[in-house]
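Visitor: The structure is given below, and queries will be raised subsequently.
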Amino acid sequence: MYGLALEGSGNFKEAAKEFETSLKILEKEPESSKPSLDSLDKKTLLSSTVSVSKSIKLKQTQINLARVLTSIDVKRSIEEHQKVLKMDDKDWMIWNQPGFCYAKTQLFIESLECFQKAFELAGEEEKKEVMLTIAKLH
Numbered sequence: 009m010y011g012l013a014l015e016g017s018g019n020f021k022e023a024a025k026e027f028e029t030s031l032k033i034l035e036k037e038p039e040s041s042k043p044s045l046d047s048l049d050k051k052t053l054l055s056s057t058v059s060v061s062k063s064i065k066l067k068q069t070q071i072n073l074a075r076v077l078t079s080i081d082v083k084r085s086i087e088e089h090q091k092v093l094k095m096d097d098k099d100w101m102i103w104n105q106p107g108f109c110y111a112k113t114q115l116f117i118e119s120l121e122c123f124q125k126a127f128e129l130a131g132e133e134e135k136k137e138v139m140l141t142i143a144k145l146h
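Mapped onto the numbering used here, the consecutive letters of the sequence shown carry residue numbers 9 to 146.
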């Protein structure tokens, strides 16, 4: 949460450090085993929730780090976005931001590929956001 506050105040370097620290802490948390469908008692249901919660936290923190790095280190932001895409390549928003980053580094083919994938995955309203991101490049 502190990383988001730092980002909101424009302190991108400190926000990036906070997100990196959070990622290190989250990565050290133990993974709980995945329960089978026929053994869903209260204990396994709770451990399953913890596991899902950890993966969601990891993904969101990685997204936050990648987004903040867009303002201070575009090439590293691209690397961090690639990590997020390995976690989830079905979310249009995750494809949209690296498209912007690739364009800023004049890697236009890669940029176009990301925007095309974002557009493919986006719903009708979200397609407008993809187009707005592209428009901001001009």
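For each residue, glycine too, the CB sits at the ideal point set by N, CA and C. Just so we're clear, the structure is a prediction, and the values are computed from it rather than from any experiment.
Are the CB atoms of Ser30 and Thr69 within a distance shorter than 7 Å?
Guide: Cβ distance < 7 Å, so Thr69 and Ser30 count as in contact.
Visitor: Please report the distance separating the alpha-carbon of Ser85 from that of Ala24.
Guide: Between Ser85 and Ala24, the C-alpha separation is close to 10 Å.
Visitor: Would you report the Cα separation of Thr141 and Ala13, rounded to the nearest angstrom?
Guide: 24 Å
Visitor: Can you list, in chain order, the residues of its chain with a C-beta nearer than 8 Å to that of Glu26? Leave out the 5 residues immediately preceding and following it.
Guide: Tyr10, Gly11 and Leu14
Visitor: Hey, could you find the ends of the alpha helix (DSSP H) Glu37 is sitting in?
Guide: No alpha helix (DSSP H) contains Glu37, which DSSP labels as neither H nor E.
Visitor: Whose C-alpha, out of Phe123, Arg75, Ile64 and Gln114, is nearest the C-alpha of Met95?
Guide: Ile64
Visitor: Under the rule that 16 or more other beta-carbon atoms within 10 Å means buried, what is Ile71, buried or exposed?
Guide: buried
Visitor: Using a 10 Å radius around the Cβ and a threshold of 16 neighbouring Cβ atoms, would you call Gln114 buried or exposed?
Guide: exposed
Visitor: Run the CB neighbour count on Phe123, radius 10 Å, all protein chains shown included, and call it buried at 16 or more, exposed below.
Guide: buried
Visitor: Contact check, Lys21 vs Ile80 under 8 Å by CB: the rounded distance?
Guide: 6 Å
Visitor: Please go through the same chain and pick out, in chain order, the residues whose beta-carbon is closer than 6 Å to the beta-carbon of Ala111, but skip the five residues on each side of it.
Guide: Ser119 and Leu145
Visitor: Are there 16 or more other CB atoms within 10 angstroms of the CB of Glu128, so buried, or fewer, so exposed?
Guide: Burial check for Glu128: the Cβ neighbour count within 10 Å stays below 16, so the residue is exposed.
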